[in-house]
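Step one of this worksheet: look at the structure below.
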Amino acid sequence: MIKTVRLTMAQAVTRFLSRQMTEIDGKQVPIFGGVWAIFGHGNVAGIGEALYQVRDELPTFRAHNEQAMAHAAIAYGKANFRRRFMAATTSIGPGALNMVTAAALAHVNRLPVLFLPGDVFANRLPDPVLQQAEDFSDGTASVNDCFRPVSRYFDRITRPEQIIPALNRAMQVLTDPAECGPVTLSLCQDVQAEAYDYPESLFAERVWTPRRLRPDRNELAAAVAALKGAKKPLVIAGGGVLYSQASDELAKLVQGAGIPVCETQGGKSALPDDHPLNMAAVGVTGTSAANRLAEEADVVLAVGTRLQDFTTGSWALFKNAGRTIIGLNTQVFDAGKHWALPLVADASEGLAELSAALKGWKAPSAWTDNALKGKTDWQAAAAKVTASTNAAYPSDAQVIGAVQRAMGSGVTLLHAAGGLPGELHKLWQAGAPGSYHAEYGFSTMGYEIAGGLGVKMAKPDQEVVVMVGDGSYLMLNSEIATSVMLGLKLTVVLLDNRGYGCINRLQMATGGANFNNLLKDSRHEILPDVDFAAHAASLGAVAEKVASIAELETALGKAKKTDKTTVLVIDTDPLVSTEAGGHWWDVAVPEVSSRPQVNAARKKYEEAVGSRQG
Numbered sequence: 001m002i003k004t005v006r007l008t009m010a011q012a013v014t015r016f017l018s019r020q021m022t023e024i025d026g027k028q029v030p031i032f033g034g035v036w037a038i039f040g041h042g043n044v045a046g047i048g049e050a051l052y053q054v055r056d057e058l059p060t061f062r063a064h065n066e067q068a069m070a071h072a073a074i075a076y077g078k079a080n081f082r083r084r085f086m087a088a089t090t091s092i093g094p095g096a097l098n099m100v101t102a103a104a105l106a107h108v109n110r111l112p113v114l115f116l117p118g119d120v121f122a123n124r125l126p127d128p129v130l131q132q133a134e135d136f137s138d139g140t141a142s143v144n145d146c147f148r149p150v151s152r153y154f155d156r157i158t159r160p161e162q163i164i165p166a167l168n169r170a171m172q173v174l175t176d177p178a179e180c181g182p183v184t185l186s187l188c189q190d191v192q193a194e195a196y197d198y199p200e201s202l203f204a205e206r207v208w209t210p211r212r213l214r215p216d217r218n219e220l221a222a223a224v225a226a227l228k229g230a231k232k233p234l235v236i237a238g239g240g241v242l243y244s245q246a247s248d249e250l251a252k253l254v255q256g257a258g259i260p261v262c263e264t265q266g267g268k269s270a271l272p273d274d275h276p277l278n279m280a281a282v283g284v285t286g287t288s289a290a291n292r293l294a295e296e297a298d299v300v301l302a303v304g305t306r307l308q309d310f311t312t313g314s315w316a317l318f319k320n321a322g323r324t325i326i327g328l329n330t331q332v333f334d335a336g337k338h339w340a341l342p343l344v345a346d347a348s349e350g351l352a353e354l355s356a357a358l359k360g361w362k363a364p365s366a367w368t369d370n371a372l373k374g375k376t377d378w379q380a381a382a383a384k385v386t387a388s389t390n391a392a393y394p395s396d397a398q399v400i401g402a403v404q405r406a407m408g409s410g411v412t413l414l415h416a417a418g419g420l421p422g423e424l425h426k427l428w429q430a431g432a433p434g435s436y437h438a439e440y441g442f443s444t445m446g447y448e449i450a451g452g453l454g455v456k457m458a459k460p461d462q463e464v465v466v467m468v469g470d471g472s473y474l475m476l477n478s479e480i481a482t483s484v485m486l487g488l489k490l491t492v493v494l495l496d497n498r499g500y501g502c503i504n505r506l507q508m509a510t511g512g513a514n515f516n517n518l519l520k521d522s523r524h525e526i527l528p529d530v531d532f533a534a535h536a537a538s539l540g541a542v543a544e545k546v547a548s549i550a551e552l553e554t555a556l557g558k559a560k561k562t563d564k565t566t567v568l569v570i571d572t573d574p575l576v577s578t579e580a581g582g583h584w585w586d587v588a589v590p591e592v593s594s595r596p597q598v599n600a601a602r603k604k605y606e607e608a609v610g611s612r613q614g
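Numbering of the sequence shown is given in full-length UniProt numbering, commencing with residue 1 and proceeding in unit increments.
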């Protein structure tokens with residue numbers, strides 16, 4: 001006779017989540033770090049009551065914005081190298097839809113998060129309920145269907161027993177290195193409250209550990225042959241190196257073979273910035289050291305990267321017509337991109353086997369020496385643009401230099417959209433693996449502060465520094481209050497360039513007129529003069545506006561000594577960006593225009609497209 005326990009569907013969900021474990025540094029810990037919740041009529045009576053029952057084993061955290069709490073949950077998963085993650089629950093309607101942007105972010109970045117939005121009544125008797133969006137032609141439709149294209153797994157639970165296979169499938173996806181991404185279990189609100197006799201075995205403690213695929217021997221042999229035949233090999237390190245915790249294996253491979261390494265936004269900090277073979281950032285936001293090598297490389301070993309356009313310079317960066325790409329990735333979809341030789345494997349296992357097979361082989365010394373010289377030249381250029389200044393409106397690079405000098409490489413640095421990713425990718429000198437946290441896969445404005453909160457939850461003993469522009473800050477800043485409430489200190493450096501400076505520069509580069517990006521170029525009666533320091537202080541943070549780079553460094557020194565979230569505001573120049581490094585990016589320019597600037601930009605665009613190799 002199967003032993004059962006009678007629970008509501010919601011109680012079954014929370015009890016199950018509280019019993020899922022993982023192993024970190026030899027110790028078993030809960031795989032779910034907690035649940036973010038904003039309650040409404042669609043989840044307060046069901047999931048809300050169930051979370052209360054397990055609040056000691058599965059903590060619940062309250063936020064101020066549904067998208068922000070989902071960003072925090074996602075950042076927590078990323079900071080834990082996908083070994084631990086969180087869930088997020090909302091009511092139906094606007095609460096649920098506020099999480100869809102975050103779901104897309106997690107989907108693009110292959111990050112684990114469990115979404116538990118409330119849904120309409122499965123029995124449909126009270127329809128239309130509050131916040132229900134009715135489809136005149138489809139009685140089964142719900143706004144939660146918006147989660148389908150941005151979830152790795154989606155299920156709508158219309159009967160309490162359906163949660164049994166759904167929870168198992170959810171855990172398989174959340175913990176699988178290839179399928180990893182967001183899971184949405186859409187919980188009809190009446191079914192949350194329905195009881196069922198669940199098998200007790202469903203709630204047995206289970207330990208989930210990462211699956212580490214070893215490479216196929218034929219694929220490995222092809223990759224080894226390609227590398228041994230290379231005269232100018234190059235490694236591109238992506239986020240998969242960090243998720244696999246393969247930094248040591250990467251260092252062993254490149255040191256043994258003398259192969260230079262460059263890093264994507266997701267892969268930056270795979271090796272410390274001061275590693276002699278780390279050429280740092282590659283692609284559109286890359287260093288001159290890395291991009292020069294990428295142009296010449298005849299074999300490119302792409303490890304744990306999805307090779308998006310910023311990495312490849314819209315596939316114009318690799319100029320060696322006879323190049324070979326080796327795609328070392330757990331996901332077949334990524335491993336075979338652009339006719340690459342696939343090497344489907346865990347990054348750590350794959351790099352280890354490549355190292356063993358290449359033992360005794362080294363890249364030509366002239367290529368390695370050339371790389372080392374290029375790095376020295378780049379470091380000199382970077383030092384110039386990040387040096388201190390007395391300018392009234394410093395550049396982003398000069399602010400980055402100040403943060404680096406004041407805080408060092410021992411902090412975890414977080415950023416997302418706008419101009420900062422381009423400058424930080426090139427210029428920030430990352431230390432330990434995972435100490436550089438960028439959300440540039442989906443480039444989501446508003447991720448920064450909420451993401452910083454999630455990182456701090458994952459790394460409570462680390463200094464977490466968030467760099468954010470005024471545009472992103474105004475979009476989503478509410479979790480400053482949450483960080484204060486939870487006693488989770490962040491240091492936020494807010495660069496105020498009075499608008500969307502990055503897109504304004506892109507607008508100018510494509511021949512466009514200055515229009516609707518900087519505040520002064522937008523329709524207005526009165527130019528806004530936002531007091532960001534006063535605003536941050538009103539949310540409970542220590543806040544200060546500084547007038548210079550020197551003042552910023554002093555204020556950062558004080559911030560290190562406090563245990564409370566600090567927001568430091570500095571005015572910056574919206575027009576200046578680092579000229580050294582970088583690469584063309586395919587942004588289509590209008591073929592016909594009445595403006596000569598656009599026509600000139602179109603001519604340059606056509607020339608660039610015509611020179612593309614891939």
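Yeah, the Cβ is synthetic: ideal placement off N, Cα and C, and Gly gets one too.
TODO: Measure from the alpha carbon of residue 615 to the alpha carbon of each residue in Asp-377, Glu-551, Leu-97, Ala-221, then state which is nearest.
DONE: In this structure the chain extends from 1 to 614, so residue 615 is not present and cannot be described.
TODO: Pull up the distance between the alpha-carbon of Met-69 and that of Val-484, whole angstroms please.
DONE: Their backbone Cα atoms lie some 15 Å apart in a straight line.
Open item on the list: Once the 5 residues before and after Pro-433 are set aside, which same chain residues still bring their CB inside 6 Å of it?
Closed with: Taken in chain order, the residues that qualify are Leu-242, Ser-247, Ser-269.
Task: Where Ile-526 falls: helix, strand or coil (DSSP) - done: coil
Task: Beta-carbon proximity list for Val-576, same chain, < 6 Å, skipping 5 on both sides - done: Only Ser-395 meet the Cβ criterion.
Open item on the list: Please classify Trp-339 as buried or exposed, where buried requires at least 16 other C-beta atoms within 10 Å of its C-beta.
Closed with: Under this definition Trp-339 is an exposed residue.
Open item on the list: Between Ala-87, Trp-208, Gly-283, which has its C-alpha nearest Trp-315's C-alpha?
Closed with: Gly-283
TODO: Specify, as a first and last residue, the run of the beta strand (DSSP E) that Glu-544 falls within.
DONE: 542-545
Task: DSSP-derived helix/strand/coil call for Leu-187 - done: strand
TODO: On a CA-only basis, which of Asn-329, Ser-593, Ser-478 is nearest Gly-446? Give me that one, please.
DONE: When Asn-329, Ser-593, Ser-478 are compared, the shortest CA-CA separation from Gly-446 is found for Ser-478.
Open item on the list: For a quick check, are the C-beta atoms of Gly-454 and Ala-79 less than 8 Å apart?
Closed with: Going by C-beta atoms, Gly-454 is nearer than 8 Å to Ala-79.
- [ ] Taking only runs that begin and end inside the stretch 95-159, name each unbroken alpha helix (DSSP H) of 4 or more residues, in chain order.
- [x] 100-109
TODO: Please name the residue, chosen from Arg-602, Leu-130, Thr-376, Asp-531, that lies closest to Glu-591 on a Cα-to-Cα basis.
DONE: Arg-602
TODO: Sort out for me which residues DSSP pairs Arg-62 with in a bridge.
DONE: The partner list for Arg-62 (beta bridge, DSSP) reads Ala-37.
Open item on the list: Please classify Trp-361 as buried or exposed, where buried requires at least 16 neighbouring CB atoms within 10 angstroms.
Closed with: exposed
TODO: Write down every uninterrupted run of the alpha helix (DSSP H) in the stretch 398-479 whose length is 4 residues or greater and which is fully enclosed by it, in chain order.
DONE: 420-427, 447-458, 470-475
- [ ] Alpha carbon to alpha carbon, how far is Asp-56 from Gly-267? Give it in angstroms, no decimals.
- [x] 36 Å
- [ ] Using a threshold of 8 Å, state whether the C-beta atoms of Ala-416 and Ser-435 are closer than that.
- [x] no
Open item on the list: Quick check: the stretch 109-129 against the stretch 81-94, are at least 3 beta-carbon pairs closer than 8 Å?
Closed with: The stretch 81-94 vs the stretch 109-129: in contact.
TODO: Can you give me the Cβ contacts of His-41 inside the same chain, cut-off strictly under 7 Å, excluding the 5 residues immediately before and after it?
DONE: Ser-91, Leu-130
Open item on the list: I need the straight-line Cα distance from residue 637 to Asn-144, nearest angstrom please.
Closed with: The requested residue 637 does not occur in the structure, where the chain is confined to residues 1 to 614.
Task: Between the CA atoms of Gly-34 and Pro-59 - distance to the nearest angstrom - done: 5 Å
TODO: Go ahead and label Met-156 buried or exposed: buried means 16 or more other beta carbons lie within 10 angstroms of its beta carbon, across all protein chains shown.
DONE: Per the sequence shown, residue 156 should be read as Arg rather than Met. With 16 or more other Cβ atoms within 10 Å, it is buried.
Task: Anticipated Cβ contact below 8 Å, Pro-421 with Asn-497, distance rounded - done: Incorrect: roughly 15 Å between the Cβ atoms, too far for contact.
TODO: Have a look at Cys-146 and Val-100 and give me their C-alpha separation to the nearest angstrom.
DONE: 7 Å
- [ ] Determine the extent of the beta strand (DSSP E) in which Trp-208 is found, giving its start and end residues.
- [x] 206-208
Task: N-terminal and C-terminal residue of the beta strand (DSSP E) that Asn-329 is part of - done: 324-329
Task: Buried or exposed by the 16-neighbour rule on C-beta atoms within 10 Å, applied to Asn-329 - done: buried
TODO: Could you please give the first and the last residue of the uninterrupted alpha helix (DSSP H) stretch that includes Gln-597?
DONE: 596-610
TODO: Alpha carbon to alpha carbon, how far is Ala-73 from Val-183? Give it in angstroms, no decimals.
DONE: 13 Å
- [ ] Give the C-beta separation of Ala-237 and Lys-426 to the nearest angstrom, bearing in mind that I take them to be a contact with Cβ-Cβ under 8 Å.
- [x] In fact, because the Cβ distance is near 16 Å, the residues do not count as touching under 8 Å.
TODO: Have a look at Ala-391, Thr-4, Ala-430, Ser-18 and flag the residue whose alpha-carbon is nearest the alpha-carbon of Ser-409.
DONE: Ala-430
Task: When Pro-342, Lys-231, Leu-490, Trp-428 are compared against Thr-287, the one with the closest alpha-carbon - done: Trp-428
Open item on the list: Determine whether the beta carbon atoms of Ala-106 and Gly-181 lie at a separation below 8 Å.
Closed with: For Ala-106 and Gly-181, yes; Cβs fall inside 8 Å.
Task: With 16 other Cβ atoms within 10 Å as the buried cut-off, status of Leu-301 - done: buried
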